[in-house]
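**Q**
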Amino acid sequence: MLTLITKPEEIKGAVGEIRAGGTDLHDRYRLGVSSGPIIDIHKLPYTDITQNADGTTTIGAMATIDAVGQNPITAKGYGALAKAANGLATPQIRWAATFGGSLLQRTRCWYYRHPQLPCTKKGDAVCGGRDGHHPNGVIFDHGGCAHPHPSTLAAALLAYDAHVRTTEREMPIADLYGDGSQHDRDHLLHQNEILTHVTLPAPVVGEKTAYFRSMSRFEAEWPIVECSVRLVVRDGAIAAAGIGAGGISQIPMRLPNVEAALLGKPATQATLEQAAHLSAAGANPLPQAAWKVEMLVGTLLTAMELALAD
Amino acid sequence: MQTTINGQPLAFEPRHDETALEVIRERAGLTGTKLACGGGICGACTVRVDGVPKCSCLLPATQLEGKDVRTIEEYGRSNLHPVQRAFMANDGLQCGFCTPGFINEGIAFYDAWRAKQGKKRPLPHEIAVAMGGHLCRCAAYVGIYAAIAQACAGEFDDVAELVAPRVDALAKVTGEAKYTVDVQFPSQLEGKILRSAHPNARVKAVDFSAAQALEGVMAVADLLEGKTHVHYVGQPVAGVAAVDERTAEAALKLIKVDYDLLPAALNIAQAMAADAPAVFPEGKEKMPTAAEGSTFPYAWENNVGRVRMGLVTSRRAGAADRRIEEAQSNAPQNVVEHTYRNAQQVHTALEPHAAVAKWNGPQAVHVFASTQGITPLRAAIAEHFDLDKAQVTLESHYIGGGFGGKQGLYEEIKAAIILARQANQAVRVVASRLEDLAYTSLRPGVVSQTAVKTQADGTPDAIKMHAYGDGGVANGSSAASMYSLMAPRSIYRDLQDYSVLTNTPPGKPFRAPDAPAQRWAIEQAIDEAAYKQNLDPVTIRRRWDPDHAIKNRLLDWVETIPAWRERGKVNGENGRFKRGLGLAMAQWLFIYNPNTEVIVSSSPEGIKVSCATQDIGNGTRSSIAQAVVDVMGIDPHTLMLDIGNADRPHGPIAGGSQVTTSVYPTTYAATEQVMGHLIQEAANKMGLKQVTAVKGGVNHSNGFTPWADILAVAAPFSASDKRGNERGLLGLRINVPPGIGMRIGHSAIVTEVEVDTRLGKIRPLNVWSGIAVGRIFVRDLANSQMYSGVIQGLGYALYEEKVYDQQTGHTLSSNLNDYRIPGLGDTPNIHLHYDEKGFEEVRGQGIGLSELATIGVAASVSNAVFHATGWRPLSTPITPHDVVTGLKEVK
Ligand SMILES: Cc1cc2nc3c(=O)[nH]c(=O)nc-3n(C[C@H](O)[C@H](O)[C@H](O)COP(=O)(O)OP(=O)(O)OC[C@H]3O[C@@H](n4cnc5c(N)ncnc54)[C@H](O)[C@@H]3O)c2cc1C
Ligand code: SF4
Ligand code: FES
Ligand code: FES
């Protein structure tokens with residue numbers, strides 16, 4: 016069954032999974048991992064990216080990932096977010112996928128995406144991933160699911176203290192994902208709750224930004240680890256820092272200890288190296304994924320170097 | 016809802032989960048748009064929606080409403096877009112299955128580029144980023160780069176002449192080419208296969224009743240065909256044919272199979288354990304094979320089959336082992352010994368395994384199949400279904416890649432024929448991408464114990480290779496045995512192959528079966544021996560076979576490569592990124608099909624060439640056309656190339672690099688006869704005097720007359736020729752199709768890599784590929800094969816690995832995100848070198864090159880990584896994980 020809505024209130028009583036760009040949903044439907052009725056929201060009007068009077072910026076959930084990457088407001092004011100948007104997936108996907116969908120997409124665990132393998136996120140009794148093959152598993156483990164959260168942009172938004180607005184509430188982006196204790200969720204929206212907007216604080220003038228992912232090939236590969244970095248350098252010292260990291264935990268992560276270690280320090284390679292090493296603090300990797308701790312340090316260092324050179 | 020496709024309005028009411036791809040292919044019947052991965056990764060399904068490229072496989076049908084959709088069919092052959100012309104001219108395609116997607120993206124890029132940058136030439140990097148959402152398994156990337164750059168630079172804007180080294184390129188760039196997945200009989204059904212979910216089990220009972228009762232189900236058939244056991248996850252158990260794919264899938268879920276689960280061996284270690292469960296508890300009679308052609312004799316001990324060829328393949332094996340052992344204690348600097356490993360690789364043709372079948376009465380079946388061997392496939396179908404060959408009509412006109420994985424009567428073909436018989440209707444069976452990656456075909460993994468012992472000057476004393484091949488339930492390991500055919504005669508050697516059966520899907524031959532693994536071990540061992548003894552890598556290879564003229568010439572060429580000459584010390588660079596160069600040599604057999612027969616005929620319609628062979632992107636049509644061109648100088652695009660039909664004269668399979676060397680000389684000779692006839696007719700029917708053939712026609716006392724004029728009046732004529740055998744040593748003739756000639760091709764590969772020591776990424780920068788196979792028949796197509804051999808070899812070296820869940824036996828790498836094949840941006844600069852001397856006595860003066868082009872690549876990469884870092888990877892693929900952990904050993 017297909018319910019095509021054009022206004023948010025029409026979702027009341029509708030049954031099914033929400034479909035925006037469809038780039039995640041149709042992969043699962045084709046594989047037979049998901050099925051059932053669909054509520055198509057692609058006609059909802061939230062496509063704009065606007066700068067508000069108070070300097071903050073609102074991005075509609077229906078804006079494409081490409082728009083988030085290319086729009087002058089985001090490209091100029093929110094470099095880490097825009098670069099992350101330009102650096103994920105492929106051009107065709109960025110043209111088709113929505114910003115909201117990128118935050119609410121389901122996991123990419125190969126057990127989850129295989130119609131015959133067990134996964135508690137699919138309602139099975141066991142998680143195939145944790146006891147199985149997971150060299151790309153989590154290194155900040157919250158138990159339950161063993162696969163990292165897929166969203167590149169969620170990690171970038173954490174570094175911006177973004178807030179999300181839905182048809183029911185408003186909350187900090189971190190609350191969309193919780194603390195990792197809700198094992199079988201990829202986000203914490205209610206049934207039929209629609210994400211409508213994301214609001215970012217006013218841009219910081221002169222901020223240096225970067226996005227970097229480690230992977231084996233040139234492009235179009237899911238990251239081993241990915242980092243979004245914001246740095247403000249004043250008089251040769253780091254005056255502000257925001258760091259988001261993906262591919263490392265069941266939830267997208269902000270790295271406050273690294274940020275703290277950067278603050279007030281000279282903007283030098285030595286500072287970056289010291290801070291990057293702190294990203295490993297507190298890691299409790301799954302054994303097969305332990306190699307990724309070093310990858311986090313290296314990926315973060317690379318991203319920070321790129322930011323300084325920005 | 017209303018949409019417009021290529022200017023044509025289309026009204027439709029989409030199902031809830033319908034995609035744009037289904038609207039375009041099924042409702043509008045435009046099959047140029049291809050489904051390959053279904054997951055937004057490969058781009059084969061790309062169309063332009065209001066000018067923006069989108070993956071139609073993931074695009075909801077609802078989003079086509081009111082939109083202007085453009086597919087590959089937008090431009091016909093008379094109205095080609097410059098990007099289409101550029102792809103043709105640069106041979107930016109092989110099988111053509113990815114081509115519509117690339118071209119659609121290319122057109123959008125061209126439009127955007129022109130609007131912003133005018134006729135500036137885009138850089139390779141810019142092209143790679145823009146085309147990052149496309150994959151080409153044939154790896155036509157070198158041509159694709161050139162095509163996009165030249166089109167953007169305006170080089171094809173006002174070109175009227177069609178330039179295309181590949182004669183079927185026009186059909187491929189326009190979307191006209193019909194692949195098996197595009198075949199559509201009236202009221203054709205969709206077939207699906209129920210596959211075993213268990214790696215080892217006895218099937219007690221199968222209950223079809225609920226599936227049969229489902230509305231829309233037209234046939235439910237047993238696919239076990241008398242087998243009582245299943246031996247791998249994915250083995251076909253039953254099949255369903257229904258009015259559409261969704262109904263067929265729903266019916267599969269209703270089939271109840273009662274299994275008696277048995278313990279399974281899922282990997283080499285489990286299969287070789289003392290108490291290992293038997294992979295074939297009921298006996299090995301129905302064991303498939305991964306070997307090319309016939310299999311070796313085996314001595315079996317539970318799951319481990321020792322190839323009983325030791326006396327033939329080895330030479331003084333005991334003495335070889337002793338020399339190695341003694342050197343381990345006396346002269347360790349002269350010996351290298353390691354365990355080398357290679358992961359299983361999946362063929363991953365972008366057109367999945369597929370077939371369409373329709374019975375015309377109980378004794379006649381019409382089959383379309385995506386196959387690389389129509390001649391043997393027809394024989395196999397006839398045998399399996401108890402028919403005469405003449406009762407089997409088999410067609411395969413365009414094939415979206417094969418690489419070895421589409422040989423024989425594979426499961427999807429069998430299922431289509433069985434279901435079609437039962438339904439008494441046409442049935443199509445197409446493997447999903449998951450099925451294709453998980454179950455249909457793979458290159459066996461290899462673990463080898465390999466040792467090389469040399470004297471201090473590098474002269475080889477002994478070599479040992481004990482190779483264990485994991486081709487799942489299929490036997491057929493030849494990594495070590497193969498080497499005996501290519502090793503210098505004099506060396507003492509202990510070469511032994513073992514097939515280890517595991518409860519995983521069966522292996523098939525893959526572009527030079529086992530040879531890349533054999534080279535991976537031996538070429539690394541030789542390289543390591545050189546560095547250990549302070550010898551130059553070229554010098555030690557000269558010692559290996561000192562009087563071999565061809566090898567020495569290739570090594571001379573290596574020494575002319577500036578980057579090679581100027582390379583520094585091992586691990587000689589400081590800093591995060593380290594560069595290094597590695598050399599590997601390779602050999603491959605000369606395989607041809609002596610029974611190949613070609614008929615060339617002339618008539619007022621033109622010249623036609625008939626042969627029961629096929630073109631999987633290897634360029635069969637172009638090789639045939641080139642032979643006619645070389646004789647008559649006629650425009651190749653006017654030829655009627657009648658291949659892809661099994662009832663034509665016997666033709667070669669696309670495997671073993673045998674096509675060109677089988678069809679070219681044969682077509683050439685038959686064409687000479689036809690030309691002789693035409694010259695006579697020019698005299699008889701047109702009264703021309705002093706007629707001599709020249710390019711494109713004849714000269715005569717009154718001037719020049721083109722072939723077309725003579726064809727118009729000449730009596731129809733046909734001539735045939737047979738490939739026949741080569742003369743071998745002592746005049747021996749070997750006549751086992753595919754006959755193995757007494758010659759061997761050689762290659763030398765030098766690869767330059769950059770290793771990111773921080774994040775473990777290996778970037779191939781340059782590859783020099785030198786090959787000696789005699790005469791190159793069709794230069795542009797040979798180049799394409801050489802390039803793709805390098806790129807596929809890089810995939811084998813760096814990215815590709817079939818990964819199983821070790822608890823269930825399911826394949827985890829079951830989509831194109833997780834099974835990683837090389838993309839455009841992974842393509843290095845590739846420099847080609849042909850050494851064409853030394854094959855003068857072979858018919859046609861040249862042998863095949865496609866497999867040889869890929870064999871040495873992985874070893875050269877590893878040798879380059881060692882040169883860059885001082886760390887030697889012993890396993891493929893060399894992943895970032897391996898690099899970051901491996902480099903710690905060096906420190
Ligand atoms: C080849 C490939 C590579 C990729 N690489 C990356 C990558 O590197 N990093 C990355 O982050 N992503 C990557 N992606 C994933 C991609 O970002 C997502 O598929 C996409 O963002 C989903 O957006 P959509 O609009 O298509 O969502 P849909 O598929 O329509 O929906 C996705 C999910 O979100 C829900 N949803 C969507 N919008 C709303 C809304 N407004 N309110 C409530 N629920 C909603 C849906 O119910 C559904 O469960 C990749 C995808 C592909 C195909
Ligand atoms: S790791 Fe997570 S997604 Fe994967 S099987 Fe377990 S619960 Fe499912
Ligand atoms: S991207 Fe659609 S088929 Fe591969
Ligand atoms: S030509 Fe690209 S996949 Fe075959």
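Same order as they appear, the protein sequences are chains A and B.
Everything in the first sequence is counted per the numbering used here, starting at 16 for the first residue and increasing by one.
Everything in the second sequence is counted per the numbering used here, starting at 16 for the first residue and increasing by one.
For every residue, glycine included, the Cβ atom is placed at its ideal position computed from N, Cα and C.
Can you check whether the C-beta of Val144/B is within less than 9 Å of a C-beta belonging to chain A?
**A** At least one chain A Cβ lies under 9 Å of Val144/B.
**Q** Runs of 3 residues minimum, wholly inside the region 179-251 of chain A: which ones carry the beta strand (DSSP E) assignment?
**A** Listed in chain order, they are 185-187, 210-215, 223-229 and 240-249.
**Q** Measure the beta-carbon distance from Asp139/A to Pro130/A and round it to whole angstroms, keeping in mind my assumption that it falls under 8 Å.
**A** Wrong, their Cβ atoms sit about 11 Å apart, outside the cutoff.
**Q** Less than 9 Å between CB atoms is the rule here; does Gly746/B satisfy it with respect to chain A?
**A** Note that Gly746/B scores 45 on pLDDT, short of 50, meaning its location in the model is unreliable and no value can be drawn from it.
**Q** Identify every residue that forms a DSSP beta bridge with His761/B.
**A** Beta-bridge pairing links His761/B to Gln602/B and Ala787/B.
**Q** Here's the rule: buried if 16 or more other CB atoms are within 10 angstroms of the residue's CB, otherwise exposed. What is Gly147/B?
**A** Buried, because 16 or more other Cβ atoms sit within 10 Å of the Cβ of Gly147/B.
**Q** Check whether chain A comes within 9 Å of Gly648/B, counting only Cβ atoms and requiring the distance to be less than that.
**A** No, Gly648/B does not count as interfacial toward chain A.
**Q** So, is the C-beta of Glu309/A closer than 9 Å to a C-beta in chain B?
**A** Closer than 9 Å to some Cβ of chain B, the Cβ of Glu309/A qualifies, so yes.
**Q** Would you report the Cα separation of Gln348/B and Gln548/B, rounded to the nearest angstrom?
**A** Approximately 7 Å between the Cα atoms of the pair.
**Q** Compute the Euclidean distance between the alpha carbons of Val371/B and Gly840/B, then round it to the nearest angstrom.
**A** Between Val371/B and Gly840/B, the C-alpha separation is close to 36 Å.
**Q** Is it buried or exposed, Gln470/B, if we count other Cβ atoms within 10 angstroms and call 16 or more buried?
**A** So Gln470/B ends up on the exposed side.
**Q** Identify the contact partners of Tyr44/A in chain B, using a Cβ-Cβ distance below 8 Å as the criterion.
**A** Here the neighbours are Asp32.
**Q** Rounded to whole angstroms, what's the CA-CA distance from Glu309/A to Tyr125/B? Just pull it up for me.
**A** The alpha-carbon atoms of Glu309/A and Tyr125/B are separated by roughly 41 Å.
**Q** Should the region 216-227 of chain A be regarded as contacting the region 238-256 of chain A, the criterion being three or more beta carbon pairs within less than 8 Å?
**A** The region 216-227 of chain A vs the region 238-256 of chain A: in contact.
**Q** Starting from Lys69/B, find everything on chain A with Cβ-Cβ shorter than 8 Å and list it in chain order.
**A** Correct list: Gln107, Trp110 and Ala111.
**Q** Over what stretch of residues does the beta strand (DSSP E) that includes Thr72/A continue unbroken?
**A** Counting along the chain, the beta strand (DSSP E) containing Thr72/A begins and ends at Thr72 to Gly75.
**Q** With a floor of 4 residues, list each alpha helix (DSSP H) that falls wholly inside the region 817-886 of chain B, ordered by position along the chain.
**A** You should have 867-870 and 872-884.
**Q** Using a Cβ-Cβ cut-off of 8 Å (strictly less than) and excluding sequence neighbours within five positions of Asn439/B, which residues of its own chain qualify?
**A** So the list reads Trp374, once near-sequence residues are dropped.
**Q** Between the region 206-237 of chain A and chain B, which residues of the former have CB atoms less than 7 Å from a CB of the latter, in chain order?
**A** Cβ contacts with chain B come from Ser229, Ser231, Arg232, Phe233, Glu234, Ala235, Glu236 and Trp237.
**Q** So, with DSSP's three-state summary, where would you put Thr19/B?
**A** Of the three classes helix, strand and coil, the one that applies to Thr19/B here is strand, per DSSP.
**Q** For Trp886/B, count neighbouring Cβ atoms within 10 angstroms of its own Cβ and tell me buried if that reaches 16, exposed if not.
**A** Counting Cβ neighbours within 10 Å, Trp886/B comes out buried, since at least 16 surround it.
**Q** Can you find a C-beta in chain B that's less than 9 Å from the C-beta of Ser50/A?
**A** Yes, Ser50/A counts as interfacial toward chain B.
**Q** Please check the pair Ala446/B and Pro367/B, which I expect to be a contact at CB under 8 Å, by giving their CB distance rounded to whole angstroms.
**A** The Cβ separation is near 4 Å, so the contact holds.
**Q** Looking at the secondary structure, which residues open and close the beta strand (DSSP E) in which Cys70/B lies?
**A** Val67 to Cys70 is the span of the beta strand (DSSP E), which, as asked, contains Cys70/B.
**Q** How is the alpha helix (DSSP H) around His292/A delimited, first residue to last?
**A** First-last of the alpha helix (DSSP H) with His292/A: Gln284 to Leu293.
**Q** From which residue to which residue does the alpha helix (DSSP H) around Arg85/B run?
**A** Careful: Arg85/B lies outside any alpha helix (DSSP H), inside the beta strand (DSSP E) at Asp83 to Arg85.
**Q** Does the region 60-74 of chain A come close enough to the region 206-222 of chain A to have 3 or more Cβ pairs within less than 8 Å?
**A** Yes, they touch.
**Q** Enumerated in chain order, which unbroken segments of the alpha helix (DSSP H) with a length of 4 residues or greater are wholly contained in the region 381-460 of chain B?
**A** Whole alpha helix (DSSP H) segments, 4+ residues: 389-399 and 426-438.
**Q** Look at the alpha carbon of Asp273/B and the alpha carbon of Leu73/B, and state the distance between them as a whole number of angstroms.
**A** Whole-angstrom Cα-Cα distance: 36 Å.
**Q** Can you tell which of Pro29/B, Ile87/B, Leu269/B and Gly66/B has the C-alpha that lies nearest to the C-alpha of Thr48/B?
**A** Selected option, being the one with the closest Cα: Ile87/B.
**Q** Which residues bound the beta strand (DSSP E) around Leu172/A?
**A** Here Leu172/A belongs to no beta strand (DSSP E); instead the alpha helix (DSSP H) covers Thr167 to Leu173.
**Q** At a cut-off of 8 Å, is Cys110/B close to ligand 4 when judged by its beta-carbon and the heavy atoms of the ligand?
**A** Checking the Cβ of Cys110/B against ligand 4 gives yes.
**Q** Tell me, please, whether the CB atom of Thr314/A is closer than 9 Å to any CB atom in chain C?
**A** Reference to chain C is not applicable here, since the protein chains of this structure are A and B.
**Q** Cβ-heavy atom distance between Ile39/B and ligand 3 below 8 Å?
**A** For ligand 3, not one heavy atom lies less than 8 Å from the Cβ of Ile39/B.
**Q** Counting Cβ pairs closer than 8 Å, one from the region 238-249 of chain B and one from the region 186-199 of chain B, do we hit at least three?
**A** As far as the Cβ criterion goes, the region 238-249 of chain B does not touch the region 186-199 of chain B, which means the pair count is below three.
**Q** What is the DSSP secondary structure of Ile33/A, reduced to helix, strand or coil?
**A** Ile33/A: strand per DSSP, three-state reduction.
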